[in-house]
Every structure is written in structure tokens, then in C-alpha cells.
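A short write-up of the structure that comes next.
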Amino acid sequence: MSVNKVILVGHLGSDPEVKYLNENRVVANVNLATNETYKDKEGNKVTQTEWHRLEMWDGLAKIAEQYLKKGKEIYVEGSIKTDTWKDKDDNTRYSTRIRVSDFKMLGSVQDKRENTPHAEAKNETHTTTSKEETDNQNADGLPF
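Here is the structure:
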């Protein structure tokens with residue numbers, strides 16, 4: 026058994042970049058910053074920021090386009106996706122992103138009222154099943 030599940034809470038580093046691929050497919054990309062705070066050897070408070078590339082599809086992408094703005098705090102659930110390719114010098118390159126399956130807008134009640142009447146968004150329109158996943162399903166319909 027394996028699990029590919031990511032949960033993040035952070036602030037958006039930019040407004041979503043939205044692309045309409047055709048009349049049925051929309052993708053939104055946005056950066057999310059998460060912070061970790063700790064004390065160094067000398068007892069000084071240190072904050073480290075980690076940046077995450079988020080990818081949202083279809084219904085979630087449309088909601089993101091309408092309501093998400095730079096600086097807003099959100100809760101994100103999704104999975105890790107990594108692309109691999111060769112650059113012009115034949116070096117292997119990697120790019121990792123979080124494919125968002127659900128997000129919730131956080132912050133004050135006032136922020137939520139300004140953003141949307143729906144403080145939660147789920148991606149129910151974007152589901153893909155690979156041939157391998159379909160082939161691996163048992164008679165009971167479970168993928169394991």
C-alpha cells in the first residue's frame with residue numbers, strides 16, 4: 026500500500042495564473058509559502074520559508090481565479106507530482122508541484138465574506154483513472 030497525500034497551510038505568494046486550455050479544461054498555478062520557525066544554537070529565532078507550486082484543475086481553477094489573491098492564507102490538500110525531462114545539455118531535470126484536490130480559504134471572517142460565500146472548494150470535476158489503475162481494481166472495485 027502507498028499514499029501520496031499532502032496537507033499544507035500557508036500564504037499565497039502570487040495571484041493564480043489561469044490558462045483556459047479549451048472550453049472544458051482550465052488550469053491554475055499559484056505559489057504557496059509555508060514557514061517553519063525554530064531557535065538556532067545561539068537561541069535566536071529563525072524562520073525558514075518553503076515555496077510550493079500548486080496546480081488546480083477545472084472547477085477548482087475557476088474558483089481560484091475568482092477568489093484567491095496574493096497574501097491570502099489557505100489550507101490545501103493534494104498529491105505530489107514530479108515531471109522529469111532532459112535539458113539541452115542532456116542533464117536530467119525535475120520539477121515538483123502539488124496537484125490540489127481540495128482547498129479552504131482561511132483567515133478572518135471578514136476575509137471570507139470579501140472572498141466568497143463558499144469558504145471551501147473541492148475538485149470534483151477533475152478525475153483521471155489510468156489504465157493501470159483500472160486494470161488493478163479487484164472485483165469489489167477497490168484499487169488494491
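First residue of the sequence shown: 26, per our numbering; consecutive thereafter. Even glycine gets a Cβ: it sits at the ideal position worked out from N, Cα and C.
Practice task
Would you list the residues sitting across from GLN73 in a DSSP beta bridge?
Solution key: Paired residues: GLU61.
Problem - C-alpha distance - VAL125 paired with GLY35, whole-angstrom precision - result: Cα to Cα, VAL125 sits roughly 14 Å from GLY35.
Handout entry: Closest residue to GLU42 among LYS66, ASN54, LYS87 (Cα-Cα distance)
Key = Comparing Cα-Cα distances from GLU42 to each of LYS66, ASN54, LYS87, the minimum goes to ASN54.
Exercise for the section: Grab the span of the alpha helix (DSSP H) containing LYS30 for me, first residue to last. Expected result: For LYS30, there is no enclosing alpha helix (DSSP H), as DSSP marks it with neither H nor E.
Practice task
Helix, strand or coil for LEU93, going by three-state DSSP, please let me know.
Solution key: Reduced to three states, the DSSP call for LEU93 is coil.
Handout entry: Nearest residue (CA-CA) to ASP127, options ILE88, THR72, TRP76, GLU75
Key = Distances from the CA of ASP127 to each of ILE88, THR72, TRP76, GLU75 were compared; the closest alpha carbon is that of ILE88.
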